[in-house]
Amino acid sequence: MQIRLTVLAPRSGHAVARACDVLVTAPAGTALAAVASGLASAASGAEVSGASVVLYAGRERLDAQRRILGEPPLVDGAVLSLGSPAEDEPAHDGPAPARLHVVAGPDAGGVHLLHGGRIGIGRSVESDVPLDDPDVSRQHCEVTVEADGRVAVGDLNSTNGTRLDGREIGAKPVRFAPGALLRIGESALRLAPGGTATEPSLTTVPDGEGHLRVTPSAVPASAPGAQQASAAGQLGSPSGDPAYAFDATPPAPSPSSPSSFGTSTPPFGTSTAPGAHQEPYGGFDALGAPAGYGHDGPDGRRESAPPSRRQGTPTRGTRLPEDLAGSDEVQHSRADQADGGRRRGGIGAWARRLAGGRGEAEPEQPPAEPQRLAAEPAPESWPDPAALLLTALGPGPRLWERRPGHPEALAVRVGTADRGDLAAVPVTVGLREVGSLGLAGPRERLSGLARSAIAQLAALHAPTTLEIVLISTDRSRGLQARTAEWDWLGWLPQVRPAHGQDCRLLLAYDRDQATARTAELTRRLDAGPLGPGWASADRAAVAEAAARYEGPFTVVVVDGDPGSAPLRETTARLAVAGAAAGIHLLCLAETPAASASSPVAATYETACAASLPFRECGAVALLSGDVATALRLLRIAGGRPAGHGTVAAVDAVSRPWAERFARALAPLRTADGTSATSGRLASSLPRSSRLLDELGLARATPASLMARWESAPDGAVVLGTGPHGPAAVDLVSDGPHLLVEGPPGSGRTELLRAAAASLAAGARPDRLGLILVDGAGGERGEGLRPCTELPHVSTHLIASDPVRMRAFAQALGAELKRRAELLGGLGFTEWQDRREVAGRLVGQRQAPAAESRGGSDLDPPGSSTLRLRPVSRSRTDDGPSLPRLVVLVDDLDALVAPALGSPGRPAAGSVVRALEAVARDGERLGVHLVAASARPERTADTELARGARHRVVLDPPPAAPSPDEPSPGRGRLHQADGASVPFQGGRVTGRIPRTATQRPTVVVLEWERMGDPPARRPVRELGNGPTDLALLASALDRAASLVNAPSVPPLS
1 MQIRLTVLAP
11 RSGHAVARAC
21 DVLVTAPAGT
31 ALAAVASGLA
41 SAASGAEVSG
51 ASVVLYAGRE
61 RLDAQRRILG
71 EPPLVDGAVL
81 SLGSPAEDEP
91 AHDGPAPARL
101 HVVAGPDAGG
111 VHLLHGGRIG
121 IGRSVESDVP
131 LDDPDVSRQH
141 CEVTVEADGR
151 VAVGDLNSTN
161 GTRLDGREIG
171 AKPVRFAPGA
181 LLRIGESALR
191 LAPGGTATEP
201 SLTTVPDGEG
211 HLRVTPSAVP
221 ASAPGAQQAS
231 AAGQLGSPSG
241 DPAYAFDATP
251 PAPSPSSPSS
261 FGTSTPPFGT
271 STAPGAHQEP
281 YGGFDALGAP
291 AGYGHDGPDG
301 RRESAPPSRR
311 QGTPTRGTRL
321 PEDLAGSDEV
331 QHSRADQADG
341 GRRRGGIGAW
351 ARRLAGGRGE
361 AEPEQPPAEP
371 QRLAAEPAPE
381 SWPDPAALLL
391 TALGPGPRLW
401 ERRPGHPEAL
411 AVRVGTADRG
421 DLAAVPVTVG
431 LREVGSLGLA
441 GPRERLSGLA
451 RSAIAQLAAL
461 HAPTTLEIVL
471 ISTDRSRGLQ
481 ARTAEWDWLG
491 WLPQVRPAHG
501 QDCRLLLAYD
511 RDQATARTAE
521 LTRRLDAGPL
531 GPGWASADRA
541 AVAEAAARYE
551 GPFTVVVVDG
561 DPGSAPLRET
571 TARLAVAGAA
581 AGIHLLCLAE
591 TPAASASSPV
601 AATYETACAA
611 SLPFRECGAV
621 ALLSGDVATA
631 LRLLRIAGGR
641 PAGHGTVAAV
651 DAVSRPWAER
661 FARALAPLRT
671 ADGTSATSGR
681 LASSLPRSSR
691 LLDELGLARA
701 TPASLMARWE
711 SAPDGAVVLG
721 TGPHGPAAVD
731 LVSDGPHLLV
741 EGPPGSGRTE
751 LLRAAAASLA
761 AGARPDRLGL
771 ILVDGAGGER
781 GEGLRPCTEL
791 PHVSTHLIAS
801 DPVRMRAFAQ
811 ALGAELKRRA
821 ELLGGLGFTE
831 WQDRREVAGR
841 LVGQRQAPAA
851 ESRGGSDLDP
861 PGSSTLRLRP
871 VSRSRTDDGP
881 SLPRLVVLVD
891 DLDALVAPAL
901 GSPGRPAAGS
911 VVRALEAVAR
921 DGERLGVHLV
931 AASARPERTA
941 DTELARGARH
951 RVVLDPPPAA
961 PSPDEPSPGR
971 GRLHQADGAS
981 VPFQGGRVTG
991 RIPRTATQRP
1001 TVVVLEWERM
1011 GDPPARRPVR
1021 ELGNGPTDLA
1031 LLASALDRAA
1041 SLVNAPSVPP
1051 LS
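Taking my numbering, I'd label the letters of the sequence shown as residues 1 to 1052.
Laid out in structure tokens, this is it:
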């Protein structure tokens, strides 16, 4: 087990507490006391005795003897403080009556708990709600929370004014209702109700390894929230329509949905409903700017919008009114809205203590006047940054909702703009449509915009759906500056290598790491739909392949110049063709903001000069304005901007916000460790594979086995590790039998053992029986004997005794005959389904025994009602039991052509004839055959070889073994459809690695080295320890006893 923690050293005077990120390696179940001294030494920089170490998690003092590493709060990403509690917000009595969310702007994402009194909002760091927004005054406005929970807001004579739901307000406080939108400078804040109710959250289950297992809620594409996307104009053209120029007039979105850049494109939603109001660009003027917002002129200056103060940036995703004509009648009082507040203390440092007293003037109701609408909140297609933070902290129900095929998969919100009478509609970009996205501007704002985009992707896409790769090798910036800017990214679970990459994290801070990351990506493209010639494919072929690609996806963040000519060329080619294999680039280029002194065209060329792949991006967002709080979103065609683009106010988040967000996601994993809808990305095969890891049973326990029995399909055989995850064959649905061919030393017998173990791990002992046959009679080693420990094994034949061999052949033939008589003309699966249904039916109810003996004067009326009841699978009064059987035969060639003088030679023919009957009739009878042959030419004429739909061919062992050669078991699975899948066979008879009993260690994390290959140390096994097969067999025995599942009786 490895978990990453941060330890804060004690404060020294007014100095900031020193933070040290560490990697803790320890066996599961290790107490905190075992690493306490190591944590203290790493944080303080000096040796510390473990007995004197006191650690806190938040305000809770941790009991070092009872707290277990890997269990909450000691999970991945946790922050511990040494000696005293970490300084946090003071506790308050009772929950906060309201919350203030910073939903848009250059410093978005904050969530502030309002406990009462006066709350100052401004640019000053001394404000209760500080905002890093140049258009916000130092003391801009003040929010007042009354004792009864009512909230009011008033302006503090700010430079750019304060607007509430589109209305200018003055110094006299006015009502601030829940759901209302407060716009100051380029920032937008929304008031949310508080209270004792907590927001809905997903259930998390600790796995004891430092992770919290969570099951994301599935949101169908046809859900109302998904339908909102149809109106969000994305960059791209509608499905089925020819591509059009950026300044053309595509169909407008429906007015009942938010608008953004471009037009709606499947899979981001449906087309505009017939009869919907049509307008150019969905509410944008001829230059691509939203109505009422203005656009940049030829010199790069923003032209004025209709008379008003500087337009702010409210949140998107508000549910728009159904009838725009009645917008003046929309009421903005939403105090009775049941939003529910976050539990107290759940935000931590994001909650600001309120200052001030009581006795403010009675809030004044604003006059009724035409205003820009801010409709009541609803589930959003593109959540604002504050909603993203709450989703991560919850975790909220929208966590990882965008799976492959989701309408908004890989769509990111970059800002907001006004559309007619509607405020703050989102400006979004679909990476699947544009391929790659470029971001350019001054470093501070550019980083904030990039953090916002990456956070959206990480919150809405599971690690099994999306991986994030960072390439930050621009030598014009120092290594320390680059790691300080991006170290927060290392906490995201999407940055962990999950597809065989040779590194600790998918980060690249130097040329070697960048070369390794790009090589991993190009290998995927070589194996993709365009083949090795992907670099020369035309854009039409890339677009066609990208449209067919269903995931998983990879987003590569290229920060500045990649650093060398080969890396520049490779990243540029990835930007052009990567979408064919689900690879999309986010290219960052540091430039001046687009302005009068640096027009849009000049800024774009500067960005292209700073980063070669920037020119290959399908769309770019250029930060603009005097203070870089606006952006212009442009479509790129032929290496040049097409049209004037769309102007919006930027969405950006701070680095502390990003770190808090990433730490909240760090321990989260999907419940089963996999994605229900997507496979793994293609990757190189490992040198060795452990079967229990591929089965998801790294810690085989009765509980985990019982859960697998309920979920795994009958007859599933996991062979080992393939390029896209576990390599498996389903004997029920894919084919009844499996033939394994391989010379001596190829891992043939071990593969059969793995097949037996995976079958046992997928079905109860009363539902599946295993019959083992060692065809070589023990002359080639112990064969399948280790598998006899499995409770599913009913018979084990060693082909060395002719008497036992003939008895076995007769018993197997009798079993086939018995099954044929029971099934009649039905197939095994159909018979089993019918029997299960029949066993649940209870016929006409019989009178109680006392009544049948005359014990009652009244005869109860008969009933013909059929009642459903559960039936125990161990019942025998419903007919004979008929479990599925799998016959595993090692050294089939030794049975077909036994050697002269072999003790089993006289009876080998009878066993082969029985096995031939299984190969011929077993599919209908529920009996399957899995056989291995060392001499394929001897078994080529058998019924199994002629009828096997799946065949495994193992590689011969190397002539000169070396540590770099793969372990035995490397081969290919040839499937019935002609496909051939390489795999590394999973080992099941290996001993427990010595690392399982290693001494706990604490190592200081060096983020700049996390992209290096991990240290190569040979895995040493405990010579006297139990094998994985023995551990599995023990857990299977206990699980079977818990569910009262007896083993299948032996053949007789």
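Glycine residues also receive a C-beta, built at the ideal position from the N, C-alpha and C atoms. All of these numbers come straight from a predicted model, not from anything done at the bench.
Taking Val952 as the centre and dropping the five residues before and after it, the same chain places the C-beta of Val740, Gly971 and Leu973 closer than 6 Å to its C-beta, in chain order. For Pro656, the enclosing alpha helix (DSSP H) stretches over residues Arg655 to Leu665. The beta carbon of Thr30 is closer than 6 Å to those of Leu69 and Pro1000 in its chain, skipping five residues each way along the sequence. Here Gly978 is exposed. Its C-beta has fewer than 16 other C-beta atoms within 10 Å. Counting other Cβ atoms within 10 Å of its Cβ, Arg640 stays below 16 and is therefore classed as exposed.
For Thr591, the closest C-alpha among the options Cys608, His584 and Glu146 is that of Cys608. A residue is called buried once 16 or more other Cβ atoms fall within 10 Å of its Cβ, and Val125, having fewer, is exposed. Along the length of the segment 105 to 144, whole beta strand (DSSP E) runs at least 3 residues long occupy 111 to 114 and 117 to 122, reported in chain order. In the DSSP assignment, the residues bridged to Tyr56 are Arg61 and Ser81. The shortest CA-to-CA distance from Leu944 to any of Gly909, Leu1042 and His737 is the one to His737. Looking from the CA of Trp382, the closest CA among Gly394, Leu399, Pro395 and Leu393 belongs to Leu399. A direct Cα-to-Cα measurement between Gly490 and Val427 gives close to 28 Å. DSSP links Gln984 through a beta bridge to Thr721 and Arg970. Cβ-Cβ separation between Leu567 and Ala514: approximately 5 Å, consistent with a contact (criterion under 8 Å).
When the five nearest sequence neighbours on each side are left out, the beta carbons in the same chain lying within less than 7 Å of the beta carbon of Trp486 are those of Leu470 and Ser472, in order along the chain. Fully enclosed beta strand (DSSP E) runs of no fewer than 3 residues occupy 19 to 25 of the segment 17 to 53, in order along the chain. For Val414, the uninterrupted beta strand (DSSP E) run begins and ends at Ala411 to Arg419, by DSSP. Shown here, Glu943 sits in a helix according to DSSP, grouped into three states. In the three-state reduction of the DSSP assignment, Val495 falls in the helix class, which pools H, G and I.
A direct Cα-to-Cα measurement between Val429 and Thr416 gives close to 12 Å. Secondary structure note for Val557: its beta strand (DSSP E) is the uninterrupted segment Phe553 to Asp559. Under the three-state reduction of DSSP, Gly783 is assigned to coil, being neither helix nor strand.
In this chain, the alpha helix (DSSP H) harbouring Cys608 covers Val600 to Ala610. With 16 or more other CB atoms across the displayed protein chains lying within 10 angstroms of its CB, Asp107 is buried. A contact between stretches requires three or more CB pairs, one per stretch, nearer than 8 Å, and the segment 52 to 72 fails this requirement with the segment 1036 to 1043. Only residues of its own chain outside the window of five on either side were considered, and among them Val205, Arg213, Val214 and Thr215 have a CB closer than 8 Å to the CB of Ala671, listed in chain order. Residue burial annotation: Ala519 is exposed, with fewer than 16 other C-beta atoms found within 10 angstroms of its C-beta. When C-alpha distances from Arg935 are compared across Leu74, Arg167, Asp165 and Asp890, the shortest belongs to Asp890.
Of the candidates Leu695, Gly441, Cys503 and Thr721, Gly441 places its Cα closest to the Cα of Ala594. Beta-carbon to beta-carbon, Leu895 and Gly775 are separated by about 4 Å, close enough to satisfy the 8 Å threshold. Leu439 and Ala1033 have their C-alpha atoms roughly 56 Å apart. Collapsing the DSSP output to three states places Asp76 in coil. In this structure, Arg517 sits away from Ala527, with a CB-CB distance that is not shorter than 8 Å. Taking C-beta atoms as the reference points, Phe808 and Leu1051 count as a pair closer than 8 Å. In the structure shown, Thr749 adopts helical secondary structure according to DSSP, grouped into three states. For the 8 Å CB-CB criterion, Leu892 and Ala932 form a contact.
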